Amino acid sequence: MKPTLVLVGRPNVGKSTLFNRLTRTRDALVADMPGLTRDRHYGHGKLGDRPYLVVDTGGFEPLAKDGILHEMARQTEQAVAEADAIVFMVDGRAGITPQDKEIAKKLRRNPRPVVVAVNKAEGMERGVAAAEFHTLGLGEPLAISAAHGDGVRALLEQALAHF
Ligand code: GDP
Ligand code: MG
-2 MKPTLVLVGR
8 PNVGKSTLFN
18 RLTRTRDALV
28 ADMPGLTRDR
38 HYGHGKLGDR
48 PYLVVDTGGF
58 EPLAKDGILH
68 EMARQTEQAV
78 AEADAIVFMV
88 DGRAGITPQD
98 KEIAKKLRRN
108 PRPVVVAVNK
118 AEGMERGVAA
128 AEFHTLGLGE
138 PLAISAAHGD
148 GVRALLEQAL
158 AHF
């Protein structure tokens, strides 16, 4: 059975950009405006000859009655429930935000493997980009650039290591 990798993270960290790279499609909507992806997107990818399914999350309705934090939490929970492994994306340029901490709290309580992907790290020293994200309590963060492809293979290898 194909393992399912789920991409979670607050809006605008680069989930859809990574989804497109992992699936080599333009299915996910990428934009400068946070929150444009309306719903979950599913795509197929391969690492060598190993197939996987990847899920992009982040359909944050800007006017959601209960607010973006609630919606983010709900979507994260839903996505995590169908995951074999979770890629938790954060923004290496922005640093840790309160939304990252909220998501991390949920992920620490889940039994599935989580890889922290510190995105937008192109041009940054990798160890420096990743360092502060250790405090999320989800293991060794990996610096990547979804836009340029740096570190994406290593990320996939780690996420698929259990399957
Ligand atoms: P999502 O809301 O998490 O799905 O984020 P998107 O994939 O829509 O990306 C949000 C913004 O970040 C867009 O302007 C992307 O071009 C930009 N972005 C995504 N990946 C990278 C990256 O690796 N480096 C940089 N510098 N920008 C990126
Ligand atoms: Mg998106």
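Sequential numbering of the sequence shown, starting at -2, is according to our numbering.
Virtual Cβ for every residue (Gly too), placed ideally from N, Cα, C.
It should be emphasised that the depicted structure is a prediction, and the values quoted were computed from it without experimental measurement.
For residue i, the first and last residue of its enclosing alpha helix (DSSP H)
{"i": "Pro48", "result": "Pro48 -> not in any alpha helix (DSSP H); beta strand (DSSP E) instead, spanning 47 to 53."}
{"i": "Leu104", "result": "95 to 105"}
Cutoff 8 Å; reference residue i; Cβ partners in own chain excluding five residues on either side
{"i": "Lys103", "result": "Ala70, Thr73, Glu74, Val77"}
{"i": "Val51", "result": "Thr1, Leu2, Val3, Leu4, Phe16, Leu19, Thr20, Tyr39, Gly40, His41, Gly42"}
{"i": "Lys98", "result": "Leu133"}
{"i": "Val80", "result": "The displayed chain sequence assigns Ala, not Val, to residue 80. Result list for Ala80: Thr1, Leu2, Val3, Val52, Arg109, in chain order."}
7 Å Cβ shell around residue i - same chain, five flanking residues per side excluded
{"i": "Ala151", "result": "Leu139"}
{"i": "Asp29", "result": "Reliability fails at Asp29, whose pLDDT of 45 lies under 50, so the model's placement of it is uncertain and no value is given."}
{"i": "Gln155", "result": "Val112, Leu139"}
For residue i, three-class secondary structure by DSSP
{"i": "Leu153", "result": "helix"}
{"i": "Gly42", "result": "strand"}
{"i": "Ala140", "result": "strand"}
{"i": "Asn17", "result": "helix"}
{"i": "Ala126", "result": "helix"}
{"i": "Ala158", "result": "coil"}
{"i": "Ala70", "result": "helix"}
{"i": "Ala114", "result": "strand"}
{"i": "Ala91", "result": "coil"}
{"i": "Leu133", "result": "helix"}
{"i": "Val10", "result": "coil"}
{"i": "Gly64", "result": "helix"}
Element boundaries [beta strand (DSSP E), containing residue i]
{"i": "Phe165", "result": "Nothing about residue 165 can be reported from this structure: the residues present for the chain run from -2 to 160 only."}
{"i": "Leu4", "result": "1 to 5"}
Contact belief for residue i with residue j at Cβ below 8 Å, rounded distance in angstroms
{"i": "Ile100", "j": "Gly6", "result": "7 Å"}
{"i": "Ala144", "j": "Thr14", "result": "6 Å"}
{"i": "Ala82", "j": "Arg47", "result": "Actually they are not in contact, since the Cβ atoms of Ala82 and Arg47 sit about 13 Å apart, beyond 8 Å."}
{"i": "Val194", "j": "Ile93", "result": "With the chain represented from -2 up to 160, any question about residue 194 goes unanswered, as that position is not in the structure."}
{"i": "Leu135", "j": "Arg105", "result": "6 Å"}
{"i": "Val115", "j": "Gly89", "result": "4 Å"}
{"i": "Lys117", "j": "Tyr49", "result": "Not a contact, Cβ separation roughly 23 Å."}
Interface flag, residue i vs chain C, CB-CB below 9 Å
{"i": "Ala140", "result": "Absent from the structure: chain C. Only one protein chain is present."}
Any non-hydrogen atom of the ligand FMN closer than 8 Å to residue i Cβ
{"i": "Lys12", "result": "The ligand FMN is not part of the structure shown, which contains the ligand GDP and the ligand MG as its ligands."}
Own chain, CB closer than 6 Å to residue i, minus 5 neighbours either side, in chain order
{"i": "Gln96", "result": "Arg7"}
{"i": "Leu161", "result": "Outside the displayed range of the chain (-2 to 160) lies residue 161, so it cannot be described from this structure."}
{"i": "Glu58", "result": "For Glu58, the predicted structure reports a pLDDT of 49, less than 50, and the residue's modelled location is therefore unreliable. The matter cannot be settled from this model."}
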